[in-house]
Structure formats: structure tokens, C-alpha cells
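Respectively, the protein sequence lines represent chains C and F. Here the first sequence is numbered in our numbering, starting from 10 and rising by one per residue. Here the second sequence is numbered in our numbering, starting from 520 and rising by one per residue. Report on one structure; see the data block that follows.
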Amino acid sequence: MPGDDAKPREGSVANEFDWAPGDWRRDIFEAFRAADVRQVAYVPDAGHASLIRACHADNAMKAVVLTTEEEGIGVLAGAHLGGQRGVLLMQSSGVGNCVNTFSLIRNCGFPMVAIVTMRGEWGEFNPWQVPMGQGTEAAMKEGGFVVHRLDRADEVGPAVAAALSMAFDGGTPVALLLSQRLIGAKKF
Amino acid sequence: MSEMTTAHGIARRPLVAGLLKDRPEGLLVVTGLGSPTYDVAAAGDDPRNFYLWGAMGSAVTVGLGLALAQPEGRVLVITGDGELLMALGALATVGVQGPRNLAVCVLDNERYGETGGQASHTGSGVDIPAVATACGFREVRSFGKSYDIEEARRFVREAEGPVLASFKIDPAEQPRVMPPRDGHHLRTRFRQALLGNEAGLTG
């Protein structure tokens, strides 16, 4: 129901959720729960699909669907002002949409974690994804983020936990780039 | 006509001061860059004001994240038509979340006052209240010159949200009243006022 207040966490929703064996998206979700992430702002994305479903299913999290990625920077700034932790899920093509709003993070020191599924690299069939995909790392660094690129499934969970600590304990914005090699190139 | 209106519309400073009059503890304010920031500062600086000096288009989304995090509080976003038009999709995002404690107040002068008074879309027929209705806002009102400030104050502070109130204001510029511009300071003092002195850099 829209507008319902968050309820206290109980049990592990992840255990009831239909994850594929060894799915690193489950590791991301568990890292969110362990770090008490309460708002997950996202733009719909195939690479994040099962994670987004799990966040919707967790009654202690607000999954906030956006019309465009820059909205997420504002939502997470507001979440922090209100005392909650949030994370932004998006695709590399959306990074360019955020550039002006990155000024919020830099000027105010908002803690921010963005988890970015990559397009426009390893095996990309669609050349329209390439310019933003190839520019993502530089754009995030220009925006003031510390950027970690992840290529292996076993490093994802620890990297998310480390990013959440770096942002919320240390005040440093972190972007995690989930490489197309990790996710698997989209095919049509 | 009282001090609340002019021949050209609602007087913006008495309006904003009236919306914030006798402010309760839990009333949190986010302003859009430009004149709404100066209007809110003119009504009295307060650590529970978060002024945007940039990131144009972000006022509604900052208000949304804050409203979701503080369901017991009341969040007023006070912004202009130009700032809101830059991110109309944010109204759709608010509609989907449906926060009962969020009110968006649009000071609509049908122009971009900060940049030389160029006409905005609202002067050419774009109807922000109708957009908000279509996006699923629960209550939407448009206030003109004959408005009653007490009714407007009750509406934005008490009506079940998300609500949007559009005020057709006199476009005349007002003397600038500058609140602090240091974002780190604004963020930290807001969190300390809301969450206690322990809430500093991190969270």
C-alpha cells in the first residue's frame, strides 16, 4: 500500500524469496539488510530485477521507483536528512542524467551509494549503449564518487557491505559498477 | 485587498510567512532554489529548513525521501513553477509512494524570476495542479488573489497527503534574504535539530 509506514524487520525475507542458487543479487540484498538500508531508489533494470523484487517484498524497506535517475539523488538526500539510509540502483545509461544533482552530494556531504549495472562494454550488441557505458566510470569520479568495478560474483556482497560502511560511517560517496562480464551481455 | 495580495496576485512574502506561522516542532521545510529559498529565509531562518541553492528540480524528491523517513513529521516543499517544471516526473514518483505527510507548495509567478523573467510553461497553459491530480496526489488546490491564508495554512499542514497547493503570486521581485549557503552546515544542523546532537557527518 502506498504510504504505509515501515514496519520493524523480522525474519529473513531473503530465505522466503526465490533466488537462483549462488545469486550475487541475494548477497546485495543481505548486505542492505545488515546495514539497515531503508530506502532503495531505482530505475527499472534487468540486471537488478530480482534485487528490486526482493526490496519490494521486504516490509522494512521502501522501494522507490523513479522516472529518471537524478530523482534518486534527491530522494536519498532527503532520506539522510530524515535519518534513514538509502541506496540508488541504476544502469550506466542513467548516470549521465544525474550530473547536475551530484552537486547536492558534493556541496552537502551526503553519504551516497550507487550500484550501477553496466551496459556498453563486454559483448554489447547495441551501440547506443556504448557512449554512456564507456563514460560511466569517469562521470562518477567527476561527480565525486569513489568507484569500484566488480567483475566476479564472489566479490559483490563484500563490496556492497564495504561501500555502505564507507558512505554511512565515513561520509564518502561510493559507486559500484557491476560489469557486463559479471551480469552477462544482453542478447536479443 | 489586504497586505496578502496585490493587483498582480498573491504577495509571496506574507504568504510564506503565513504558511510557516506558529510552526510546530515536526514541520520540516525543503525549499527550491531561487526566490522560494529567500522567501522562507525571510520568514525566519530555522535549522529545520533545508534550502536548496542548486540541483534544480530536486526540491520535490528531497522532500519525498525526507517524508518517507519521517512519517510522524510534516514536510512542506516550497518551490517555484520553474524549479518544479524541470522535474515533473518527480510528481509521478510521489504519487506512486503516496506519502500522507508531504505537501508541495508551488509559488507560481509564471516566469523564471532568477534569470530575467522569461515566461515559464505555466503562463502558456501548463496546469501543474492538473498534473499533480493525474499523478495521484490525494488533494490538490489552486489559490488565487481571493485566498484565505488560514485556510491555505490548514490545507498544506493538515490535509492528507500527498497534497499540492499552487499559489498564483505577484511576479515582482522581493529584496533578497540570504540564508546560509554552506551545504555541509545546512545538512548537519538539520539532522541535529531533527535527530539530536549525535547526528553529525555520518548516519
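Quick reminder that beta carbons are idealized off the backbone N, C-alpha and C, glycines included. Predicted, not measured: the structure shown is a model, and the values here were computed from it.
Residue-chain proximity (residue i, chain F), Cβ-Cβ < 8 Å
i, result
"C:Gln100", "no"
"C:Ala29", "no"
"C:Asn106", "no"
"C:Pro11", "Its pLDDT being 38, under 50, C:Pro11 is placed unreliably by the model, and the measurement read from it follows with that caveat. Taking Cβ atoms only, chain F reaches closer than 8 Å to C:Pro11, which makes this a yes."
"C:Asn135", "no"
"C:Leu97", "no"
"C:Ile82", "yes"
"C:Pro17", "Its pLDDT being 44, under 50, C:Pro17 is placed unreliably by the model, and the measurement read from it follows with that caveat. No, C:Pro17 does not count as interfacial toward chain F."
"C:Ser207", "There is no way to answer for residue 207 of chain C, as the model of chain C reaches only from 10 to 197."
"C:Lys71", "yes"
Neighbour flag for residue i against chain C, beta carbons, 8 Å
i, result
"F:Met697", "no"
"F:Ser577", "yes"
"F:Arg706", "yes"
"F:Gln711", "no"
"F:Leu626", "no"
"F:Leu603", "no"
"F:Ala611", "yes"
"F:Val675", "no"
"F:Val615", "yes"
"F:Leu587", "yes"
Close-in-space but distant-in-sequence residues of the same chain around residue i (CB under 8 Å, 5 per side omitted)
i, result
"C:Leu187", "Gly56, Ile124, Val125, Thr126, Met127, Leu159 and Val165"
"C:Ser101", "Val125, Thr126, Met127, Arg128, Gly129, Gln138, Met141, Gly142, Thr145 and Leu186"
"C:Ala176", "Pro120, Met121, Val122, Pro182 and Val183"
"F:Arg695", "Tyr557"
"F:Ala530", "Glu522, Met523, Thr524, Ile688 and Asp689"
Of the residues the options, the one placed nearest residue i, counting alpha carbons only
i, options, result
"C:Ala162", "C:Ser174, C:Gln93, C:Leu173 and C:Leu191", "C:Leu191"
"C:Leu98", "C:Phe154, C:Leu60, C:Thr181 and C:Ala29", "C:Leu60"
"F:Gly614", "F:Thr580, F:Leu626 and F:Ile597", "F:Thr580"
"F:Leu463", "F:Met697, F:Glu629, F:Lys687 and F:Leu621", "Examination of residue 463 of chain F is not possible in this model, given that chain F is present from 520 through 722 alone."
"C:Asp36", "C:Ser174, C:Val169 and C:Gly193", "C:Val169"
"F:Leu559", "F:Thr612, F:Gln693 and F:Ala712", "Residue identity check: residue 559 of chain F is Val in the sequence provided, not Leu. Closest option to F:Val559, Cα to Cα, is F:Gln693."
"F:Ala611", "C:Phe38, C:Thr77, C:Lys150 and C:Gln93", "C:Thr77"
"F:Leu705", "F:Gly537, F:Ala536, F:Asp565 and F:Pro543", "F:Asp565"
"F:Gly644", "F:Gly573, F:Asp600, F:Leu583 and F:Ala712", "F:Asp600"
"F:Tyr603", "F:Ser665, F:Phe662, F:Ser685 and F:Leu547", "One point to set straight first is that residue 603 of chain F is Leu, not Tyr, in the sequence displayed. Nearest of F:Ser665, F:Phe662, F:Ser685 and F:Leu547 to F:Leu603, Cα basis: F:Ser685."
"F:Asp728", "F:Thr634, F:Leu607 and F:Asp701", "Lying outside 520 to 722, the shown extent of chain F, residue 728 of chain F is not represented and no answer is given."
"C:Phe38", "C:Val52, C:Ala63 and C:Phe154", "C:Ala63"
"C:Asp178", "F:Ile597, F:Ala718, F:Val623 and F:Gly528", "F:Ala718"
"C:Ala43", "C:Ala171, C:Gly193 and C:Leu85", "C:Ala171"
Own chain residues within Cβ distance below 6 Å of residue i, not counting five before or after
i, result
"F:Thr525", "Asp689"
"C:Gly81", "Ala50, Leu75 and Leu97"
"F:Ser554", "Gly632"
"C:Cys117", "none"
"F:Glu629", "Ser639, Thr641 and Gly642"
"F:Ala561", "Arg532 and Val696"
Cβ-based neighbour list, residue i, same chain, cut-off 7 Å, excluding 5 preceding and 5 following
i, result
"F:Gly545", "Glu591, Gly592 and Arg593"
"C:Asp32", "Ser59"
"F:Arg657", "Glu679, Gly680, Pro681 and Val682"
"F:Glu669", "none"
> Unbroken alpha helix (DSSP H) runs of length 4 or more, entirely within the region 122-153 of chain C: which are they?
Replying inline: Taking 4 residues as the shortest admissible run, the region 122-153 of chain C contains the following complete alpha helix (DSSP H) segments, listed from N- to C-terminal end: 139-151.
> Along the chain, which unbroken stretches of the alpha helix (DSSP H) at least 4 residues long are found entirely within the region 595-666 of chain F?
Replying inline: Listed in chain order, the complete alpha helix (DSSP H) runs (minimum 4 residues) inside the region 595-666 of chain F are 600-604, 608-616 and 647-653.
>> Give me the subset of the region 551-585 of chain F whose CB atoms are less than 9 Å from a CB atom of chain C, sorted by chain position.
In response: Against chain C - using a Cβ distance shorter than 9 Å - the residues of the region 551-585 of chain F are Phe569, Leu571, Trp572, Gly573, Ala574, Met575, Gly576, Ser577, Ala578, Val579, Thr580, Val581, Gly582, Leu583, Gly584 and Leu585.
> In chain order, what residues of the region 625-654 of chain F put their CB closer than 7 Å to some CB of chain C?
Replying inline: Contact residues of the region 625-654 of chain F toward chain C are absent (C-beta to C-beta distance below 7 Å).
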